[in-house]
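2 protein chains.
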Amino acid sequence: MLALTRKTDYALVALACLGKHFSAAGTGLASARKIASEYSLPLPLMRNVLKQLAQAEIVRSARGVRGGYSLAVDPHCLTVIQIIDAMEGPFRFAPCVDGLPVVDQVCPIEHICPIREPIRRLHSSLRYFFGQLTLADLLAGKTQVMLNPLTITNT
Amino acid sequence: MLALTRKTDYALVALACLGKHFSAAGTGLASARKIASEYSLPLPLMRNVLKQLAQAEIVRSARGVRGGYSLAVDPHCLTVIQIIDAMEGPFRFAPCVDGLPVVDQVCPIEHICPIREPIRRLHSSLRYFFGQLTLADLLAGKTQVMLNPLTITNT
DNA sequence: TGCAATAGGACTGATTTTATACTATATATA
DNA sequence: TATATATAGTATAAAATCAGTCCTATTGCA
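Line by line, the protein sequences give chains A and B.
According to our numbering, the first sequence is numbered sequentially starting from 5.
According to our numbering, the second sequence is numbered sequentially starting from 5.
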């Protein structure tokens, strides 16, 4: 299904929450419990999501009683593709897209596949698009993100 | 996972195959067996894929000995979103996107969700993008499809 | 120093995707 | 008209992914 998973969804919520209170001083610590309750999301799930984001070094974690998570990077530098990659594994538009971890193996019919090139281009375009889009863009409430009417040029 | 399923992948291959031989006269009949063997894809799968495309009236079917499938619509009019919708159910960028069949129910926190609006906009943008993109675009080997550098306008 | 609150890691159950099989129906052709 | 070949529909099994739970380790604080 060409859709984000629920975990990625939760990750965006959590990061949006942490991002709101972000400053250069590195403030904005919040526990999984706090975030989950603030948005009425299941706590165990939110825990897993934040753990995964910590492993990807998108958030920093602090253990212990007054522990929690905080953004490890500036929201202007954190792109949606990084978040997707962290939560779902490397983004791929289709099963057959080349790039690091191809699902099974190399496509056995790549030399005659009629959709290989178009798929490859769409993959690149989408990856570029989500690689440009930052958490800060999402956070700016008045931000209108738009894909321009697509350009089709004969080259 | 933000990716097309394998079935959609196969559907694109099949449609590309049928589209190559498309003409106003409505030629280009090919059986599931022929398409599967031409691209070394599992026959039972290709059967299911074509059945689904037939139910969505994207291809026409002809039973019997010299039967098979042919495109039911001009490749210039068949959009990628139609193909995705037919194979995977209505496209949605995230689980929480509104539009017809929301996954479970209405989002219980929509009034405070920090990512609702951005997600909604991305969903619309992507849907528009894939709704503009036709099979003919994919088929034209020299077609370069590009998302323009995204535009962020403060409104 | 014990307790309560926190993150970390491993594990399990549920859902979706992928793939196959079987039966029924239609149809061209020998 | 018998037969071979095709789609239509339905059911089901296997695999992969996703969603959710449980237990352990760490740490601040009374």
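By construction, the Cβ of each residue, glycine as well, lies at the ideal position given by its N, Cα and C atoms.
By the CB criterion at 8 Å, I119(B) and A140(A) fall outside the cutoff. Here the C-alpha atom of S41(B) lies approximately 20 Å from the C-alpha atom of F26(B). Boundaries of the beta strand (DSSP E) harbouring V63(A): V63 to A66, taken from the DSSP string. Around T83(B), no beta-carbon contact reaches into chain A at under 9 Å, the shortest distance being about 12 Å. Interface criterion not met: the Cβ of L49(B) is under 8 Å from no Cβ in chain A. For L57(B), the enclosing alpha helix (DSSP H) stretches over residues L47 to Q59.
In chain order, L19, L75, A76, V77, L82, Q86, I87 and A90 place their CB closer than 8 Å to the CB of I62(B), counting only its own chain and leaving out the 5 sequence neighbours on each side. Within the stretch 91 to 142 of chain A, the complete alpha helix (DSSP H) runs of at least 4 residues fall at 120 to 136. Under the DSSP assignment, G72(B) falls in the beta strand (DSSP E) whose first and last residues are G72 to L75.
By the CB criterion at 8 Å, R10(B) and P99(A) fall inside the cutoff. Of all residues in the stretch 109 to 139 of chain A, only P112, I113, I116, C117, P118, I119, E121, P122, I123, R125, L126, S129, L130, Y132, F133, Q136 and L137 place a beta-carbon less than 8 Å from a beta-carbon of chain B.
Leaving aside the five residues that flank L126(B) on each side, the residues in its chain whose CB is nearer than 7 Å to its CB run, in chain order, F97. With a cutoff of 8 Å on beta-carbon distance, A36(B) and L22(B) are scored as not near each other. In the three-state reduction of the DSSP assignment, A20(A) falls in the helix class. Neighbours of S44(A) in chain B, taken as residues whose beta carbon is under 9 Å from its own, are P112, I113 and I116 in chain order. In the three-state reduction of the DSSP assignment, T12(A) falls in the helix class, which pools H, G and I.
In the structure shown, the three-state DSSP call for A34(B) is strand. The Cβ atoms of P79(A) and T138(A) lie closer than 8 Å to each other.
Cβ contact annotation for N52(B) (same chain, cutoff 8 Å, sequence separation greater than five): K11, in chain order. Excluding five sequence positions before and after Q56(A), the CB atoms of its chain that fall closer than 7 Å to its own CB belong to A90 and M91, given in chain order. Between A34(B) and Y73(B), the gap from beta carbon to beta carbon is short of 8 Å.
In this structure, the CA atom of L130(A) is about 11 Å from the CA atom of F133(B).
Among the residues of chain A, those whose CB is under 7 Å from the CB of L16(B) are I119, following chain order. Going by beta carbons, L8(A) and F95(B) fall outside the 8 Å limit. Nearest to S44(B) by C-alpha distance, out of I116(A), G135(A), E121(A) and A144(A), is I116(A). With a threshold of 8 Å between beta carbons, L33(B) makes no contact with chain A. Close partners of A98(A) in chain B (Cβ separation under 7 Å): A7, L8 and D13. Interface criterion met: the Cβ of L142(A) is under 8 Å from a Cβ in chain B.
At least one CB atom of chain A sits nearer than 8 Å to the CB of A20(B).
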